[in-house]
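Visitor: Okay, handing you the structure first.
There are 2 protein chains.
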Amino acid sequence: MDQDLQSVLLSAPLFSQLRPEQLDELVGPVDIKRYPRGTEIIRVGEPADAFLVVLSGAVKVYLLSPDGREHILHMVQSGGLVAEAAVFAQGTYPASTMATEDSTVAMVRRARVTDLLQRDPEVGLAMVAGLSRRLREFVSVIEDLSLRDVASRLARFILENSTDGRCRLPGTKTELAAQLGTVLEPLSRALRKLKERGTIDEQSGVIEVIDRDALEDLLLGT
Amino acid sequence: MDQDLQSVLLSAPLFSQLRPEQLDELVGPVDIKRYPRGTEIIRVGEPADAFLVVLSGAVKVYLLSPDGREHILHMVQSGGLVAEAAVFAQGTYPASTMATEDSTVAMVRRARVTDLLQRDPEVGLAMVAGLSRRLREFVSVIEDLSLRDVASRLARFILENSTDGRCRLPGTKTELAAQLGTVLEPLSRALRKLKERGTIDEQSGVIEVIDRDALEDLLLGT
DNA sequence: CGTTGCGTTGATCTCTATCAAAAAAGGTGG
DNA sequence: CCACCTTTTTTGATAGAGATCAACGCAACG
Numbered sequence: 004m005d006q007d008l009q010s011v012l013l014s015a016p017l018f019s020q021l022r023p024e025q026l027d028e029l030v031g032p033v034d035i036k037r038y039p040r041g042t043e044i045i046r047v048g049e050p051a052d053a054f055l056v057v058l059s060g061a062v063k064v065y066l067l068s069p070d071g072r073e074h075i076l077h078m079v080q081s082g083g084l085v086a087e088a089a090v091f092a093q094g095t096y097p098a099s100t101m102a103t104e105d106s107t108v109a110m111v112r113r114a115r116v117t118d119l120l121q122r123d124p125e126v127g128l129a130m131v132a133g134l135s136r137r138l139r140e141f142v143s144v145i146e147d148l149s150l151r152d153v154a155s156r157l158a159r160f161i162l163e164n165s166t167d168g169r170c171r172l173p174g175t176k177t178e179l180a181a182q183l184g185t186v187l188e189p190l191s192r193a194l195r196k197l198k199e200r201g202t203i204d205e206q207s208g209v210i211e212v213i214d215r216d217a218l219e220d221l222l223l224g225t
Numbered sequence: 004m005d006q007d008l009q010s011v012l013l014s015a016p017l018f019s020q021l022r023p024e025q026l027d028e029l030v031g032p033v034d035i036k037r038y039p040r041g042t043e044i045i046r047v048g049e050p051a052d053a054f055l056v057v058l059s060g061a062v063k064v065y066l067l068s069p070d071g072r073e074h075i076l077h078m079v080q081s082g083g084l085v086a087e088a089a090v091f092a093q094g095t096y097p098a099s100t101m102a103t104e105d106s107t108v109a110m111v112r113r114a115r116v117t118d119l120l121q122r123d124p125e126v127g128l129a130m131v132a133g134l135s136r137r138l139r140e141f142v143s144v145i146e147d148l149s150l151r152d153v154a155s156r157l158a159r160f161i162l163e164n165s166t167d168g169r170c171r172l173p174g175t176k177t178e179l180a181a182q183l184g185t186v187l188e189p190l191s192r193a194l195r196k197l198k199e200r201g202t203i204d205e206q207s208g209v210i211e212v213i214d215r216d217a218l219e220d221l222l223l224g225t
């Protein structure tokens with residue numbers, strides 16, 4: 004079930020360009036840890052001295068408001084990276100991370116990455132490209148939160164996460180709501196509205212797009 | 004009034020590490036253009052093949068909703084850069100840019116940066132750090148929009164932009180509102196509330212922090 | 001079967017956007 | 001310095017979106 008650390012890294016945009024010997028250098032002897040579902044892995048504010056590679060299971064990266072509301076920045080599946088960016092801005096983790104399923108996670112310390120970075124310009128280029136992509140995603144999120152209503156955000160989520168008309172929800176609907184910057188109830192209503200209009204269909208966590216154009220209109224129209 | 008292109012670049016985090024000959028290489032023969040106040044410089048969606056250096060005046064980087072509301076991502080003063088990140092993620096500009104004052108702007112084409120990046124690992128490291136910092140800022144914005152009310156966002160803005168108890172508003176209050184993900188009226192009320200409580204004082208675009216602790220409480224308490 | 005977590009639905013309540021109008025604040029030209 | 005015009009800001013009233021609260025249905029599971 005666990006993925007191979009090296010192959011995970013190779014499939015990550017940030018490190019896909021690395022040659023085998025560079026990979027070895029990057030990885031070296033790493034910590035690999037198991038976290039049961041619900042365990043906090045990273046707490047916001049801790050010194051950011053390692054990034055995470057999810058080898059099995061799944062984790063969420065999230066922010067908490069003072070009164071306990073949660074905004075999920077990413078859901079990271081097995082094979083994904085966490086905090087690759089935080090590691091470069093010396094400082095602290097800007098968000099918390101929790102295992103949403105039983106997970107095994109490898110930690111790669113900052114020094115290993117920066118060493119590599121300093122020696123190989125190719126690596127730098129790849130990382131710059133990867134970070135820029137992430138930045139662009141965040142701009143979309145800001146656009147959603149500031150300028151679009153819940154239904155539109157949902158429409159965008161469906162459009163961006165569906166492959167030929169289908170899209171599996173990542174985790175519970177409560178989690179999806181937290182990803183869209185809202186809570187369960189409004190999300191539930193938005194889903195219902197789309198279903199009633201015949202725009203989508205949804206059962207047991209799988210969304211089927213019926214009227215793609217209607218979804219796109221939602222993004223443009225309001 | 005115009006700033007020197009080279010010295011602007013040197014003072015930008017992204018390029019501050021460059022040696023003189025690298026700078027020359029980066030800059031080469033650049034376009035320098037003038038834009039009167041109110042002119043659109045970049046339109047969202049255009050191919051992102053250059054980044055901007057503001058030599059005089061000021062510009063705003065912003066998103067527009069279908070119904071015309073505006074969210075300002077950055078206000079960039081003379082000496083600042085625009086779209087440094089967009090240039091690396093090959094693709095299109097994710098936001099628009101407009102001159103908020105009469106401005107002169109230099110354009111640096113993508114090829115010049117990537118060339119340099121490929122040749123010098125130091126540059127990569129600096130850029131990676133710069134992008135990570137930007138990423139972190141965006142996380143804060145997402146946190147604001149998703150989890151905090153207008154008064155709290157204002158408090159955070161004041162805290163982060165004040166040097167020893169003072170903070171000059173960048174542009175009009177309408178613009179500040181658009182930066183905080185709201186509009187003029189709610190911002191005006193939030194300001195009044197803080198003034199009435201004796202937390203801050205404000206006149207002619209300058210905010211004076213009277214009770215710093217109260218501002219910080221706003222961020223934590225709700 | 002009870003429990004426990006999740007989801008739906010309905011009824012408020014709060015915050016904030018919008019609308020409207022008046023008051024300041026800035027410039028401009030005389 | 002003043003009258004005039006434009007832009008910005010304040011304030012009030014209203015409306016709308018969404019968060020919260022509460023009740024209930026529904027599964028999975030011990």
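Protein chains in written order, with the numbering used here: chain A, 4 to 225; chain B, 4 to 225. A virtual CB, placed ideally from N, CA and C, is assigned to each residue, including glycine.
What does the alpha-carbon distance come out to for the pair B:Asp216 and B:Thr166?
Guide: The residue you call residue 216 of chain B lines up with position 213 of the second sequence. The residue you call residue 166 of chain B lines up with position 163 of the second sequence. Using only the alpha carbons, I get a separation of about 15 Å.
Visitor: Mind checking which residues open and close the alpha helix (DSSP H) that includes B:Thr177?
Guide: Residue numbering aside, residue 177 of chain B sits at position 174 when the second sequence is read from its first letter. Lys176 to Gln182 is the extent of the alpha helix (DSSP H) around B:Thr177.
Visitor: For the segment 113-127 of chain A, which residues have a beta carbon sitting closer than 8 Å to at least one beta carbon of chain B?
Guide: Within the segment 113-127 of chain A, those residues whose Cβ lies closer than 8 Å to any Cβ of chain B are, in chain order, Thr117, Leu120, Gln121, Arg122, Asp123, Pro124, Glu125, Val126 and Gly127.
Visitor: Anything in the segment 184-209 of chain B with a Cβ closer than 8 Å to a Cβ of chain A? List those residues in chain order, please.
Guide: Gly184
Visitor: Figure out for me which residue from B:Leu221, B:Asp204, B:Leu179 and B:Leu8 has the closest Cα to the Cα of B:Ala154.
Guide: Stepping through the second sequence from its first residue, residue 154 of chain B is reached at position 151. Among B:Leu221, B:Asp204, B:Leu179 and B:Leu8, the Cα nearest to that of B:Ala154 belongs to B:Leu221.
Visitor: Could you tell me which residues DSSP puts in a beta bridge with B:Pro50?
Guide: For this step, residue 50 of chain B is matched to residue 47 along the second sequence. DSSP output for B:Pro50 lists B:Thr95 as bridge partner(s).
Visitor: Per the DSSP calculation, A:Glu205 is bridged to which residue(s)?
Guide: On the first sequence, position 202 is the one that residue 205 of chain A refers to. According to DSSP, A:Glu205 bridges with A:Ile210.
Visitor: Quick check on this structure: which residue in B:Gly82, B:Gln93 and B:Phe141 has the alpha carbon closest to the alpha carbon of B:Ala53?
Guide: Within the second sequence, numbered from 1, the residue matching residue 53 of chain B stands at position 50. Residue nearest to B:Ala53 within the set B:Gly82, B:Gln93 and B:Phe141 is B:Gln93 (criterion: CA-CA distance).
Visitor: Can the beta-carbon of A:Val11 be found closer than 8 Å to that of A:Val56?
Guide: Within the first sequence, residue 11 of chain A is the residue found at index 8, counting from 1. Within the first sequence, residue 56 of chain A is the residue found at index 53, counting from 1. Their beta carbons are under 8 Å apart, which means A:Val11 touches A:Val56 by this criterion.
Visitor: If we cut at 8 Å on Cβ distances, does A:Glu261 have a partner in chain B?
Guide: The displayed coordinates of chain A run from 4 to 225. Any statement about residue 261 of chain A would go beyond what the structure contains.
Visitor: Applying a beta-carbon distance threshold of less than 8 Å, which residues of chain B neighbour A:Gly224?
Guide: Here residue 224 of chain A refers to the residue found at position 221 of the first sequence. By Cβ distance, chain B contributes Pro69.
Visitor: Looking at the strands, I want to know which residues DSSP matches up with B:Asp34.
Guide: Counting from 1 along the second sequence, the entry for residue 34 of chain B is found at position 31. Bridge partners of B:Asp34: B:Met110.
Visitor: Could you spell out where the beta strand (DSSP E) holding B:Glu73 opens and where it closes?
Guide: Position 70 of the second sequence, counted from the start, is the residue given in the question as residue 73 of chain B. Segment Glu73 to Gln80, the beta strand (DSSP E) holding B:Glu73.
Visitor: Going along the chain, which residues of its own chain have a beta-carbon closer than 7 Å to the beta-carbon of A:Arg113, five neighbours each way excluded?
Guide: Start at 1 with the first residue of the first sequence, and residue 113 of chain A comes out as number 110. So the qualifying residues of the chain are Asp52, Ala53 and Val90.
Visitor: Please decide whether A:Ala88 counts as near chain B, where near means a Cβ-Cβ distance under 8 Å.
Guide: One-based indexing of the first sequence puts residue 88 of chain A at position 85. Yes, because at least one Cβ of chain B sits closer than 8 Å to the Cβ of A:Ala88.
Visitor: Please identify the residue among B:Ser135, B:Leu138, B:Met78 and B:Leu197 whose C-alpha is closest to the C-alpha of B:Arg156.
Guide: By 1-based counting over the second sequence, the position of residue 156 of chain B is 153. Here the closest residue by C-alpha is B:Leu197.
Visitor: Please report how far the alpha carbon of B:Asp7 lies from the alpha carbon of B:Ala15, in whole angstroms.
Guide: The sequence position of residue 7 of chain B within the second sequence is 4, counting from 1. The sequence position of residue 15 of chain B within the second sequence is 12, counting from 1. Near 13 Å, if we compare the C-alpha coordinates of B:Ala15 and B:Asp7.
Visitor: Of the choices B:Val186, B:Val85 and B:Tyr96, whose alpha-carbon is the least far from that of B:Ala109?
Guide: Sequence index remark: in the second sequence, residue 109 of chain B carries index 106 (1-based). Distance check between B:Ala109 and each of B:Val186, B:Val85 and B:Tyr96 places B:Val85 closest, using alpha-carbon atoms only.
Visitor: Touch check for the segment 125-143 of chain A and the segment 124-140 of chain B: three-plus C-beta pairs under 8 Å?
Guide: yes
Visitor: Starting from the Cα of B:Ser68, find the closest Cα among A:Leu183, A:Ile145, A:Gln182 and A:Gln206 and give me that residue.
Guide: Taking the second sequence and counting its residues from 1, the one referred to as residue 68 of chain B is at position 65. Looking at the Cα atoms, A:Ile145 is the closest of the given residues.
Visitor: Report yes if the CB atom of B:Leu119 is closer than 8 Å to the CB atom of B:Gln25, and no otherwise.
Guide: In the second sequence, counting from the first residue as 1, residue 119 of chain B sits at position 116. In the second sequence, counting from the first residue as 1, residue 25 of chain B sits at position 22. Closer than 8 Å, so yes.
Visitor: Within the segment 117-167 of chain B, note down every full alpha helix (DSSP H) run reaching 4 residues or more, in order along the chain.
Guide: 124-150 and 153-164
Visitor: If contact is defined by three or more beta carbon pairs under 8 Å, each pair taking one atom from either stretch, is the segment 181-191 of chain B in contact with the segment 74-81 of chain B?
Guide: Touching, yes, given that three or more Cβ pairs across the two stretches are closer than 8 Å.
Visitor: Check whether chain A comes within 8 Å of B:Pro97, counting only Cβ atoms and requiring the distance to be less than that.
Guide: Sequence index remark: in the second sequence, residue 97 of chain B carries index 94 (1-based). At a cut-off of 8 Å between beta carbons, B:Pro97 contacts chain A.
Visitor: Hey, how far is the Cα of A:Gln9 from the Cα of B:Arg37?
Guide: Working through the first sequence from its first residue, we reach residue 9 of chain A at position 6. Working through the second sequence from its first residue, we reach residue 37 of chain B at position 34. Roughly 50 Å between the two C-alpha positions.
Visitor: For A:Arg115, which residues of its own chain have a beta-carbon under 7 Å away from its beta-carbon, when the five flanking residues on both sides are left out?
Guide: Translated into positions along the first sequence, residue 115 of chain A becomes position 112. A distance below 7 Å between beta-carbons, with the five flanking residues on each side excluded, links A:Arg115 to the following residues of its chain, in chain order: Leu29 and Gly31.
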